[in-house]
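I have placed the structure first, in the form of structure tokens, so that the comments after it can refer back to it.
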Amino acid sequence: MEGFRLLWIVALVLAACAPAAPPTPTAAPSPTPAPASPTPPPPAATPTPAPKVPGVTADTIRLGMICALSGPVSTIGKPLARGMEAYFRWVNDQGGIHGRKIDLRIEDDQYTPANTVAAAKKLVEQDEVFAIVRPLGTATTAAILDYTIEKGVPVVGVASGSSLWSKPFKKTVFGIQPTYEREGRLMAKYAVEELKAQRIAVFYQNDAFGKEGADSFVAALKARGIEPVAMVPYEVAEQEFSAHALKLQQANPDLVFVYAIQVPAASLLKEAQKIGFKPKWLMTYVLADPILLALAGDAAEGVYAGAWLVDPENAPEAAKYREVLTKYFPDEKPGGYSISSYAVAEIIVEALKRAGPDLTREKFIAALESLKDFTTGLTPPFSYSETDHEGIKQIAIVQVQKGRWVPVTGFFGE
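If you use mature numbering (1 follows the signal peptide of the UniProt record, and there is no 0), the sequence shown corresponds to residues -20 to -1, 1 to 394, in order.
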């Protein structure tokens, strides 16, 4: 418009200076159009905020754990929780992971599936945890599996060797310890080839945990042409085991394979001692812990068991674990349960580091799947992949000698 005004003024001046003679008519000049206004820029795009990642803030990664802190299985649940908590607290005291510290929320389910479901919903819907880590138990964790998969919540390092965690493959679920199926086969191999057992009885917990290990063990025996001489189940709530010991004795086995938890296994050993029943005892890795020795006393002397971790009390590789556990829980003695959770916590932290500062569940899962022949020294090397979340595939054998667990083999597989 300013340019237009100037041209108009110039025209007026020129007209004033013209001769007085009548002007020769001329065509009126076309006015010069005003320059076009520049096209206004589009409004600045509003940045799309990054989608909120549950459990992740600028300075925190919130994880959830479900285990039995009370009830008959608390002898497992409490040390499991402490092993994990000790390592996470140590990591936090070192500055955390990419500037974030771990906030571990622990729920007590008393080893009851209905309580596990309620705990999972609280952790996911109220606490908005990033992942559920080291949940305890087969039936309990199975009860929340569909729910966590539907919600996209990673479940990592289940404290159970059920093959449910790896068969069929589930993208958000990671086992860690050897499956009970695999352990059953390896234990049958050791019983027959190394302990030279031929008359073998089986004592097992009558649920998904006990049946999976016992069934695999028996199938491996049958593949070698051996039928068990007795199958003796028990219920979790049972407290009296004299009849079980007597039934096993009457079958006259040279070896009893035990798939149980601490209190029933210790009670069976003491009842067997009372009646002079002295077979070789071969037990699941679930029982390779000082708690069994404290409960059974000298009745446990000579017992064999599987193991998927180094000796928590004496192995040089476990020195850091013992130091950290004692620092944060001075009254917690080193043992198989706490070291197992400590090892899982190390694996989780490694994956969180690999996932990088822009943490998402997808990156965390990919980081776990990148672990190849990985070990922190507490476990045999293991691998995850985009098609395999089973975890460790080897065990060792330990034996009670003079009141403590002593390794008698290295790690071996199939």
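The beta-carbon is built from N, C-alpha and C at its ideal position, and this holds for glycine as well.
Per DSSP, T55 is not a residue of any beta strand (DSSP E); the alpha helix (DSSP H) it occupies stretches across S54 to D73. In the structure shown, the three-state DSSP call for D88 is strand. In terms of Cα proximity to P34, the closest of A48, L103 and A98 is L103. Distance from the CA of A100 to the CA of Q219, rounded to the nearest whole angstrom, comes to 30 angstroms. Counting only the Cα atoms, V135 lies some 7 angstroms from T128. When beta bridges are read from the DSSP output, A376 appears opposite A287. When the beta-carbon positions are compared, K352 and P158 stay at least 8 angstroms from each other. Looking at the DSSP output, R384 bridges to Q381. The bridge partners DSSP lists for D83 are R42. Inter-segment contact for the segment 76 to 87 and the segment 118 to 133 is absent: fewer than three beta-carbon pairs are separated by less than 8 angstroms. According to the DSSP secondary-structure assignment, F392 is paired through a beta bridge with I375. If you compare the alpha carbons of Q230, I124, Y265 and A279 with that of V209, the shortest gap goes to Q230. Residue nearest to E130 within the set A245, E215 and V153 is V153 (criterion: CA-CA distance). When the alpha-carbon of K150 is set against those of F362, E349 and G383, the nearest one is in E349. One thing to note: V329 has its Cβ within 8 angstroms of the Cβ of I77. When C-beta atoms of the segment 352 to 362 are compared with those of the segment 132 to 148, fewer than three pairs fall below 8 angstroms, so the two segments do not count as touching. In the DSSP secondary-structure assignment, A181 is bridged to A210 and V236.
Straight-line spacing of the CA atoms in G316 and I327 works out to 17 angstroms. Around the Cβ of I255, a 10 Å sphere holds fewer than 16 other Cβ atoms; the residue is exposed. Unbroken alpha helix (DSSP H) runs of no fewer than 4 residues, entirely contained in the segment 117 to 146, are found at 118 to 131, following chain order. Runs of the alpha helix (DSSP H) spanning 4 or more residues and lying entirely within the segment 239 to 293 occur at 242 to 254 and 270 to 276, in chain order. Taking 8 angstroms as the upper bound for CB-CB distance, F110 and R302 are not in contact here, some 29 angstroms apart. Our two residues, G75 and T92, have alpha carbons roughly 36 angstroms apart in a direct line. Beta-bridge analysis with DSSP links F154 to V136.
Rounded to the nearest angstrom, the gap between the Cα atoms of K250 and A276 is 6 angstroms. When the beta-carbon positions are compared, G286 and I377 come within less than 8 angstroms of each other. Shown here, V304 sits in a helix according to DSSP, grouped into three states. T264 is not a Cβ neighbour of Y284, given a cutoff of 8 angstroms.
When the Cα atoms are used, M64 and V138 turn out to be separated by approximately 12 angstroms. Inter-residue distance for V198 and E174 is about 17 angstroms (C-alpha atoms, whole angstroms).
Secondary structure within the segment 316 to 380: not one fully enclosed beta strand (DSSP E) run of 3 or more consecutive residues is present.
Short of 6 angstroms from the beta carbon of V53, and not among the five residues preceding or following it, lie these beta carbons of its own chain, in chain order: Y91. Here S196 is not near Y170, since their CB atoms are 8 angstroms or more apart.
Between G44 and R85, the gap from beta carbon to beta carbon is short of 8 angstroms.
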